[in-house]
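Have a look at the structure below before the remarks.
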Amino acid sequence: MFTVNSAAIAFLLPLIFALTVAAEEFVEKRYEAGVDEDGVQRVEIEAGEYYYDPNFIVVKVGVPVELSIRDVGGIASHDIAIEAPEAGIDFSEDFGSEPVTIRFTPTRVGEYQFECTKRFLFFRSHKDRGMHGTIKVVE
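Plus 5 on top of the position in the sequence shown (first one is 1) and you've got my numbering.
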């Protein structure tokens, strides 16, 4: 039979509370992609414990984009997902310490949200902890 003493409960409850409701500060890290000689807009994204850097990416409509993303530390696994098929941007990719390249060509001007869809047990989602961003497609 499993028993839990009151000291363990007194220690664990505040810890669980702090991990589930602590506020994460979101800081915009902006990047405006240029077009390389081969006509591709390339963006390198570093991801860590509940952030993407950059997390606000500006690209041009109708020009191919290559996002290269990798995890730079931490113990949680992450992904990046965006669902905007009407704009030619629709992917969901897990990544680790080795870079993963995602290719698309945006077809519509606008702002499109990306996020990490991971969540551990009853804790807040990675998105809720600050792991989200925007791809802004401009003329």
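Even for Gly, the Cβ is constructed at its ideal location relative to N, Cα and C. None of these values were measured; they are calculated from a predicted model.
- The C-beta of D84 has 16 or more other C-beta atoms within 10 Å across all chains shown, which makes the residue buried.
- V64 is positioned such that its CB atom lies no closer than 8 Å to that of V114.
- Secondary structure remark: continuous beta strand (DSSP E) runs of at least 3 residues inside the region 37 to 94, in chain order: 46 to 53, 56 to 58, 61 to 65, 70 to 76, 83 to 89.
- Taking the Cα positions, F61 is about 9 Å away from H137.
- D133 is not bridged by DSSP to any residue.
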